[in-house]
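Take a look at the structure set out below.
2 protein chains.
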Amino acid sequence: MVMKKTGLASLEQVLDGSFSNINHPPQAPAAHPAPADGTLLRLAGLLDADIQATNQAIIARMHSEVELIPALAAHIVAAGGKRLRPLLTLASARLCGYGEGARHIKLAACVEFIHTATLLHDDVVDESLLRRGLASANAVFGNKASVLVGDFLFSRAFELMVEDGSLEVLRILSHASATIAEGEVLQLSTQNDLSTDETRYLRVISGKTAALFAAACEVGAVVAGRDAAICAALASYGQNLGMAFQLVDDALDYAAEEAELGKSVGDDFREGKLTYPIIIAHQKGDEAERAFWTRTIEANDQTEADLAKALDIITRHHAIEATIARAELFAEAAQQALQSLPASPLRSIMAEIADYAVTRRH
Amino acid sequence: MVMKKTGLASLEQVLDGSFSNINHPPQAPAAHPAPADGTLLRLAGLLDADIQATNQAIIARMHSEVELIPALAAHIVAAGGKRLRPLLTLASARLCGYGEGARHIKLAACVEFIHTATLLHDDVVDESLLRRGLASANAVFGNKASVLVGDFLFSRAFELMVEDGSLEVLRILSHASATIAEGEVLQLSTQNDLSTDETRYLRVISGKTAALFAAACEVGAVVAGRDAAICAALASYGQNLGMAFQLVDDALDYAAEEAELGKSVGDDFREGKLTYPIIIAHQKGDEAERAFWTRTIEANDQTEADLAKALDIITRHHAIEATIARAELFAEAAQQALQSLPASPLRSIMAEIADYAVTRRH
Chain Y
1 MVMKKTGLAS LEQVLDGSFS NINHPPQAPA AHPAPADGTL LRLAGLLDAD IQATNQAIIA
61 RMHSEVELIP ALAAHIVAAG GKRLRPLLTL ASARLCGYGE GARHIKLAAC VEFIHTATLL
121 HDDVVDESLL RRGLASANAV FGNKASVLVG DFLFSRAFEL MVEDGSLEVL RILSHASATI
181 AEGEVLQLST QNDLSTDETR YLRVISGKTA ALFAAACEVG AVVAGRDAAI CAALASYGQN
241 LGMAFQLVDD ALDYAAEEAE LGKSVGDDFR EGKLTYPIII AHQKGDEAER AFWTRTIEAN
301 DQTEADLAKA LDIITRHHAI EATIARAELF AEAAQQALQS LPASPLRSIM AEIADYAVTR
361 RH
Chain B
363 MVMKKTGLAS LEQVLDGSFS NINHPPQAPA AHPAPADGTL LRLAGLLDAD IQATNQAIIA
423 RMHSEVELIP ALAAHIVAAG GKRLRPLLTL ASARLCGYGE GARHIKLAAC VEFIHTATLL
483 HDDVVDESLL RRGLASANAV FGNKASVLVG DFLFSRAFEL MVEDGSLEVL RILSHASATI
543 AEGEVLQLST QNDLSTDETR YLRVISGKTA ALFAAACEVG AVVAGRDAAI CAALASYGQN
603 LGMAFQLVDD ALDYAAEEAE LGKSVGDDFR EGKLTYPIII AHQKGDEAER AFWTRTIEAN
663 DQTEADLAKA LDIITRHHAI EATIARAELF AEAAQQALQS LPASPLRSIM AEIADYAVTR
723 RH
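Protein chains in written order, with the working numbering: chain Y, 1 to 362; chain B, 363 to 724.
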């Protein structure tokens, strides 16, 4: 196998690093941290011991005697990211009163493995060269290794769930995994298809993103032994938070500063993805604008200057604001779902996370 | 999404077809069915009702509202193949005295879904254009859809296991899935690497092929409620059968008639895969021959005429015979493992399946 040489993070470097890149972003200058990031920091502060334990579990359980597996996994784990999903499992478990034991740690690692597996496969599918400001795994190790290591991490996640021994947790996460794949396939079907409407788009992001947010939160309530109503409330919090998060992701793809985003701006446009900003701009557009979208998105016939023009049209129709407004509705629903739990500092921060999802800049 | 148009099998066509292509090969003229195929036919005859039920379960459970999923899944399911793995689950369950109930049906479908998912990902990894004599799913639907539908089928397999409700089955199949991925990644690492020896090669095929054969048999014994010794005996039967099967696969890649094989001869050579025939030929080769392997396999510098020359060298060193002889040892071990079970017509046919694995021509 021809492997592209590059500076790889070793397992030790990953171990040295913090759980997430909130404190130590591995990517270059972090410009101005947005104020919203303070919320994530405070949540991480409350859960510090759990986070360290989850980090250890992730490193320990991505091990394999086949060296390429931990090498590639370390590359994507070292790239950090917000680690929002495992953080949600930890937070939900604690919010639901989970006390002694380390089941939430193991399941947080599961959730991160499932997420990492989908990222690896996504980057192959999208032919992405950047992930979180670093070269993507497929760019470094090739598509083949990314597909197969994704499969390994996915299988390893199920091995961890089996060790945990709860069929209910297995049910939630196997169903979420199938739903993620369905959302990704649906997204592929809507690519370059301007007939994609808001309903279909929301179905895509409900599958590809919100399903795992929901499952991550729900399993936290399950390990805490809470009843069905509380489990459903946490699932609803996660589901709505995930919707808000993905809508904002799709807005940032057009609106962010590239250095802050850690990936290229306009990727969705170049790939002909039918995300909320384009759906709105296309809907509100005049004939000439619709012809522009037909050429660039449907016929996939783009020139260098087209991204700027797309941004112009999107700005003219306030499509970014509309996307953020839609995200705010989901964020409010997420906060509403938390009302079934007693007030606590942790609940407040989890509610603020929904605000963070909408106000973040990367 | 741009989808390449082609004649796709509908779900109905799949339903009309038999469980496997033993009776109705979907690919063109089946030339002369090898006598060994009679064994598979007799096994299928003994398990006819189970096979029909498994077929129905496979069709029913690969359904999704996202249309591309059943369309792509039907394409690969319609292509048939021997369906050896689910057949092994059914046979093992019955051999172990499983009576009432349909757990073995559901788990046979699981096993086939896991296998299908790995095939979809394999074909992406290998950039294969043919699978079982038909255009591969990636050639028809593209790599992206193949990766994602593979993920869906894999997740669906775990959903089915959760419905079944046995943590022991989940343990066996999640471990097998991780082992398959490890084997595939190891294979990728050995590609183009002439230092790969027999031990490493056997580790690759133990992971990528034998692990699922072993798990397929073991879960049959588990649903029948047999003790650990019998479960281990069935796992050993499957493991050794899988080793024999893969060795012969690797021999056929150089020795088969293309029309019978249903895929191109010499694919492994073109991909620089270090399979048993090449390892033997390289080991026994003189200096000039080693230089040939270094150029064609290690440097991946091949001309049109090189496959014929590779076949010449392989023939000169009886490397195909050596591969088959190695397979025979595994087949004997498989038959030995069956001795812990009482003699029965089914046990005899399962023993013959080990002979079939070695004598088959495709």
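From the three backbone atoms N, C-alpha and C, an ideal C-beta is built for every residue, glycine too.
Here the structure is a predicted model, which is why all the values come from computation and not from measurement.
Do residue i and residue j have their CB atoms nearer than 8 Å?
i         : j         : result
Leu469(B) : Thr480(B) : no
Ile280(Y) : Ala322(Y) : yes
Ala719(B) : Leu603(B) : yes
Thr179(Y) : Leu274(Y) : no
Arg85(Y)  : Ala235(Y) : no
Ala499(B) : Ile438(B) : yes
Ala543(B) : Tyr460(B) : no
Leu449(B) : Ala406(B) : yes
Arg652(B) : His644(B) : yes
Val581(B) : Val524(B) : no
Ile567(B) : Gln601(B) : no
Ser155(Y) : Asp123(Y) : no
Ile349(Y) : Arg42(Y)  : yes
Thr199(Y) : Leu153(Y) : no
Pro639(B) : Ile676(B) : yes
Leu482(B) : Gly443(B) : no
Ala228(Y) : Ser92(Y)  : no
Leu550(B) : Lys309(Y) : no
Asn192(Y) : Asn55(Y)  : no
Leu316(B) : Ala538(B) : Residue 316(B) falls outside the range modelled here, since chain B spans only 363 to 724, and no answer is possible.
If we define contact as Cβ-Cβ less than 8 Å, is residue i a contact residue for chain B?
i         : result
Ala181(Y) : yes
Ala162(Y) : It is Val, not Ala, that sits at residue 162(Y) in the sequence shown. By this cut-off, Val162(Y) is an interface position.
Leu202(Y) : no
Phe158(Y) : yes
Ile353(Y) : no
Ala28(Y)  : Legend: pLDDT at Ala28(Y) = 35, less than 50; position of this residue unreliable, value from coordinates given subsequently. Answer no: the Cβ-Cβ gap between Ala28(Y) and chain B never drops below 8 Å.
If you measure from the beta carbon of residue i to each beta carbon in chain Y, is any gap under 8 Å?
i         : result
Lys506(B) : yes
Phe514(B) : yes
Ser498(B) : no
Leu669(B) : no
Ser568(B) : no
Val502(B) : no
Glu690(B) : no
His386(B) : For His386(B), the predicted structure reports a pLDDT of 36, less than 50, and the residue's modelled location is therefore unreliable. A value from the coordinates is still provided. Answer no: the Cβ-Cβ gap between His386(B) and chain Y never drops below 8 Å.
Is residue i a contact residue of the ligand FMN, with contact defined as CB to any heavy atom under 7 Å?
i         : result
Phe158(Y) : The ligand content of the structure shown is nil, which means the ligand FMN is not present either.
Going along chain Y, which residues have a C-beta under 7 Å from residue i?
i         : result
Val473(B) : Those do not exist, as Val473(B) stays about 14 Å from chain Y at its closest Cβ, beyond 7 Å.
Ser517(B) : Ser174, Ser177, Ala178, Ala181
Taking residue i as the query, report the chain Y residues whose CB atoms sit under 8 Å from its CB, ordered along the chain.
i         : result
Ser551(B) : Met1, Val66, Glu67, Leu68
Glu546(B) : Leu148, Asp151
Residues from the region 63 to 82 of chain Y in contact with chain B, defined by Cβ distance under 7 Å: So the close ones are Ser64, Val66, Leu68, Ile69.
Within 7 Å of chain B by C-beta, residues of the region 96 to 126 of chain Y in sequence order: From the region 96 to 126 of chain Y, only His121, Val124, Val125 have a Cβ closer than 7 Å to chain B.
Residues within the region 230 to 252 of chain Y neighbouring chain B, beta-carbon criterion of under 7 Å: So nothing in the stretch comes that close.
Residues of the region 166 to 177 of chain Y whose Cβ lies closer than 8 Å to any Cβ of chain B, in chain order: Residues of the region 166 to 177 of chain Y with a C-beta less than 8 Å from any C-beta of chain B: Leu167, Leu170, Arg171, Ser174, His175, Ser177, listed in chain order.
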